[in-house]
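The block underneath contains the structure these notes are about, expressed in structure tokens.
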Amino acid sequence: MAQSIRHGRRSASQRPRPEPGTPNAEGPEAAALDHFEAILPWYHGRVLEALDTERAAELDDAGLAEAVESILRRLELAPDAPGVRGSRSQLAVRLVDEMRGLGPLGALLRDDDVSDILVNGLNSVYIERHGKLSQVDIRFRDADHLTHIARRMASNVGRHVDDLSPICDARLEDGSRVNIIVPPLAIDGAAISIRRFSESGFTVKELAQGGTMHPAMATLLEVAAMARLNIVVSGGTGAGKTTILNALSGHIDVEERVVTLEDAAELRLRQPHVVRLETRAPSSENVGEISMRDLMKNALRMRPDRIIVGEVRGPEAFEALQAMNTGHPGSMFTVHANNPRDALSRLEYLVMMGTGDVPLSAIRNQVVSALDMVVQVTRFRDGKRRIVSITDVVGMEAGVPILEELWTYNAASSMFECSGGRPSFAEVLEELGYGAMLHAAMAETRLNRR
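Here the working numbering = 1-based position in the sequence shown + 1183.
Next comes the structure, spelled out in structure tokens:
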């Protein structure tokens, strides 16, 4: 039922009224769907009255759409019923979206090619598809309709937004991550940001095939994950950090016990022995909050072989680094930073938040001794996400962290480059039997166009 979306923009005065979710749709189909929006309020309430709510709750979207279509056939016979022009089944799908609390966003959530949905108030909706942002002509009836959808999205997953709690972070039933902010904080109407994820995720090799990295870089990351190196994935918002982290996790041995910690569960680990933990926001009475640091402290008591943190952004960094230093090698997490050195500085700052008066030199030593590798990922203007650096955390010299870039991406030439050097962790990998893979990953020293 996914709706196709065509790219291209016209001025607001030139654009015809399009199909919801489709930029610049034209013709009879668009007119019919505009008609659906006009008659939707009349049919919506009457369908709800006629529907067996207990049975409806047990149906999936396709089954519910069939039930709604059957009701529509009867309702159309009423003397005052608005005539249905176009496909009755499409109107039924649109009504199901309204019932499920998705409204006109439902078509976008069924489109597997859409990775981000950004609602910036009543009259501004953007999507990201294949790395490109484009505006779509989604229309809400009014500000109350948009706010109702925002609140239904939250309530469907046990969260709430209102005047007293106007911000919500949650995970939708399909695994998408949603952030909602409503008036009075959102001045132009409710703002909804939805980040969608592949059901299975990508492997490291698949990312290499797509140009995210050179194939030899993929080999290096595979061996680093298998050999239980401690890895931090660094990058900006939307750079693809979680995608890289998920791909790395695919090389964890199936016999290892893995505990994942996230604000909104996004990771798709394939291993059988995984415990997934998720933070909890405070209630409307401002009680019941479970922070990432709370989860981290508890995870350390759960006998994990590895701990994977979706994103370290607070004092939980202290426990995360402690775990890496004290018996949980192979742990991984992401952090917001612009380059590998900034990533280490960011971690120092976050650890200071959780330790108080511990000297910076001691914190720096802890950060450097905990980490083996920093993977830096960047989203470029063309929409492509690429690993721009794989960096070896060598150690300390005169109180300064020593970093050695093993692989880099040259944006000017669109090429990846290998240093050809011997990583500080090479001996460990060779002892574990990964010497041949390491050699293959570091032997490619010429520039490689992708």
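Every residue gets a Cβ at the ideal spot worked out from N, C-alpha and C, and that includes glycine.
Computed from a predicted structure; not experimentally measured.
In angstroms with no decimal places, state the Cα-to-Cα distance between D1345 and A1373. 11 Å
Nearest to L1483 by CA position, among A1464, S1552, S1514, is which residue? S1514
Note down the Cα distance separating H1519 from D1477, rounded to an integer number of angstroms. 21 Å
On the three-state DSSP scale, how would you describe T1395? coil
Run through DSSP, which three-state label would Y1617 get? coil
To the nearest angstrom, how far is the alpha carbon of G1635 from that of G1566? In the structure as shown, the chain starts at 1184 and stops at 1633, and residue 1635 therefore has no counterpart that could be examined.
Can you tell me which of the three DSSP states T1425 falls into? helix
Would R1489 and R1440 be called neighbours here (beta carbons separated by less than 9 Å)? yes
At which residue ranges does the segment 1311 to 1359 contain complete beta strand (DSSP E) runs of 3 or more residues, listed in the order of the chain? 1315 to 1319, 1350 to 1354
I'd like to know whether the C-beta atoms of E1580 and W1590 end up nearer to each other than 9 Å. no
If you follow the beta strand (DSSP E) that M1579 is part of, which residue opens it and which one closes it? 1568 to 1580
Could you tell me how far apart the beta carbons of V1551 and A1410 are, in whole angstroms, since I believe they sit closer than 8 Å? Contact doesn't hold; Cβ gap of about 19 Å is too wide.
Return the CA-CA distance between G1510 and E1472, expressed in angstroms with no decimal places. 29 Å
With a 10 Å radius around its C-beta and 16 neighbouring C-beta atoms as the bar for buried, classify H1328 as buried or exposed. buried
Just mark H1397 as buried or exposed, buried being the case when its beta carbon has 16 or more other beta carbons within 10 Å. buried
Return the bridge partner residues of R1559 from the DSSP annotation. Note that residue 1559 corresponds to Gln in the displayed sequence, not to Arg. In DSSP, Q1559 forms a bridge with S1417, S1572.
Tell me which residue opens and which closes the beta strand (DSSP E) that N1303 is part of. 1297 to 1303
Reference V1308; option with closest CA among I1377, L1428, V1437, R1569: I1377
Going straight from the alpha carbon of G1284 to that of V1387, what length do you get? 36 Å
Counted within 10 angstroms of its Cβ, other Cβ atoms place R1529 as buried (16 or more) or exposed: buried
Determine the extent of the beta strand (DSSP E) in which T1517 is found, giving its start and end residues. 1515 to 1519
Please specify which runs of the alpha helix (DSSP H), each continuous and at least 4 residues long, are wholly inside the segment 1440 to 1520, giving them in chain order. 1475 to 1482, 1499 to 1508
Would Q1392 be called buried (16 or more neighbouring beta carbons within 10 Å of its own) or exposed? exposed
Since I believe A1353 is in contact with R1335 (beta carbons under 8 Å), could you give me their beta-carbon distance rounded to a whole number of angstroms? Between A1353 and R1335 the Cβ distance is about 12 Å, and since that is not below 8 Å, they are no contact.
So, helix, strand or coil for T1538, using DSSP? helix
In the DSSP assignment, find the alpha helix (DSSP H) that holds N1593 and state where it starts and stops. From DSSP, N1593 is part of no alpha helix (DSSP H) but of the beta strand (DSSP E) over 1583 to 1593.
Leaving out five residues before and five after Y1617 in sequence, what residues of the same chain have Cβ atoms less than 8 Å from its Cβ? V1406, M1409, A1410
Kindly indicate the opening and closing residues of the beta strand (DSSP E) around R1256. Counting along the chain, R1256 falls outside any beta strand (DSSP E), though it belongs to the alpha helix (DSSP H) covering 1244 to 1258.
For the structure I just gave you, are there three or more beta carbon pairs, one from the segment 1241 to 1257 and one from the segment 1276 to 1283, closer than 8 Å? yes
When DSSP labels each residue in this structure, what does R1411 get in the three-state scheme? coil
Looking at A1500: is its Cβ nearer than 9 Å to the Cβ of M1556? no
Opening and closing residue of the beta strand (DSSP E) in which S1376 lies: 1374 to 1378
Is it true that the segment 1537 to 1549 meets the segment 1453 to 1473, where meeting means three or more beta-carbon pairs spaced less than 8 Å apart? no
Leaving out five residues before and five after E1311 in sequence, what residues of the same chain have Cβ atoms less than 6 Å from its Cβ? S1298, D1299
With E1281 as the anchor, note down where its alpha helix (DSSP H) starts and where it stops. 1271 to 1282
Contact set for S1572: own chain, Cβ-Cβ below 8 Å, skip 5 residues either direction: N1522, P1523, V1557, V1558, Q1559, E1588, W1590, T1591, Y1592
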